[in-house]
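In this note's numbering, the protein residues as written are 48 to 360.
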């Protein structure tokens, strides 16, 4: 059997620990989606790179023995011990465990993601992406188990099946990366528990809350970022940055979210039957029926009519 070489050295002998880096890399990728300010990644988690390091040292030792002529049959001798078969099981199970913890992390934090409905949608996409990766890993593990139990480790046709499946998965990942890059590279923030007790009072935040919750400036359908910035005695840029950093959303999304909350409040009030939906929407600050319906469904996932029926007394 011919072995592909680089400068006369077989590729298979190079000390690549990539198999032990796949799961670790994915696990850290998922956790890195949360803003660095949250300190999500614990220092002890960096020990997850230890298997890759140990495997690299082992492979380097074999590599030196092979290419210095100390033991030209070292890879063959190791192969005969069954090490490479056991190693396949070890790295697949290791990756599977990391995927399990990555998915558990995604599910636990899904309700804590701060921001508009789009942010939560992106987070759910990451969860779907993780489930597909886990399914592929499980299939690889089953494939390896069948080949080991039947003694067909060297069967090229069976190996080709899993190779094709993995190739399809890699192309799918590439396609998703190109078409949905906004889902792949984000920085999410988590809602803080007992924020008032943990953090000192922010005068700017207090003023913003006053104008939003007390004055309800969002009911002005012509409200612009410049108008609110003027009331808060700040610049448009600083206000937009504060809203994005604090709530992970744009100014328009922030205002629309409060308008939707106002509509929801009016829809279940005692006088809700007196007014039409469009009248309620306008009183909350929406300028048109179409924009109202679109924004309401974007925030709540249902239409205003459905919400009204669900909360009908």
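Beta carbons are placed, not taken as given, at the ideal position from N, Cα and C, and that holds for glycine.
Per DSSP, reduced to three states, the secondary structure at residue 81 is strand. In this structure, residue 181 sits away from residue 207, with a CB-CB distance that is not shorter than 7 Å.
Within the model, the alpha-carbon separation for residue 135 versus residue 188 is close to 8 Å. Take the alpha-carbon of residue 272 and the one of residue 289: they are about 12 Å apart. Inter-residue distance for residue 130 and residue 118 is about 17 Å (C-alpha atoms, whole angstroms). Within the same chain, and ignoring the five residues on either side of residue 142 in sequence, the residues whose Cβ sits closer than 7 Å to its Cβ are 69, 70, 184. Contact between the stretch 295 to 313 and the stretch 330 to 347 is present, with at least three C-beta pairs closer than 8 Å.
Pairwise C-beta distances place the stretch 275 to 293 in contact with the stretch 248 to 264, as three or more of them are shorter than 8 Å. Take the alpha-carbon of residue 226 and the one of residue 219: they are about 10 Å apart. DSSP, reduced to helix, strand and coil, places residue 278 within a helical segment of the structure shown. Bounds of the alpha helix (DSSP H) holding residue 287 are 283 to 294. Around the CB of residue 217, fewer than 16 other CB atoms lie within 10 Å, so the residue is classed as exposed. Short of 7 Å from the beta carbon of residue 98, and not among the five residues preceding or following it, lie these beta carbons of its own chain, in chain order: 67, 141.
With a beta-carbon spacing of about 5 Å, residue 325 and residue 336 fall inside the 8 Å limit used to define contacts. By the neighbour-count criterion, in which 16 or more other beta carbons inside 10 Å mark a residue as buried, residue 306 falls on the buried side. The DSSP-derived three-state label of residue 64 is coil.
In this structure, 190 is the residue among 190, 196, 215 with its C-alpha nearest to the C-alpha of residue 204. Secondary structure remark: continuous alpha helix (DSSP H) runs of at least 4 residues inside the stretch 103 to 173, in chain order: 121 to 127, 130 to 156. Our two residues, residue 151 and residue 133, have alpha carbons roughly 27 Å apart in a direct line.
For the set 125, 346, 215, the Cα lying nearest the Cα of residue 179 is the one of 215. The beta carbon of residue 265 lies closer than 6 Å to those of 302, 305, 306, 332 in the same chain, with the five residues before and after it left out. Residue 296 sits buried, since 16 or more C-beta atoms from the chains shown fall within 10 Å of its C-beta. Rounded to the nearest angstrom, the Cβ distance from residue 287 to residue 298 is 5 Å, consistent with a contact under 8 Å.
Between residue 112 and residue 121, the CB-CB gap stays under 7 Å.
Secondary structure note for residue 255: its alpha helix (DSSP H) is the uninterrupted segment 250 to 256. Shown here, residue 322 sits in coil according to DSSP, grouped into three states, outside any helix or strand. In this structure, the straight-line span from the alpha carbon of residue 351 to that of residue 340 is close to 7 Å.
In the three-state reduction of the DSSP assignment, residue 190 falls in the helix class, which pools H, G and I.
Distance between residue 323 and residue 274, taken at the CA atoms: about 29 Å.
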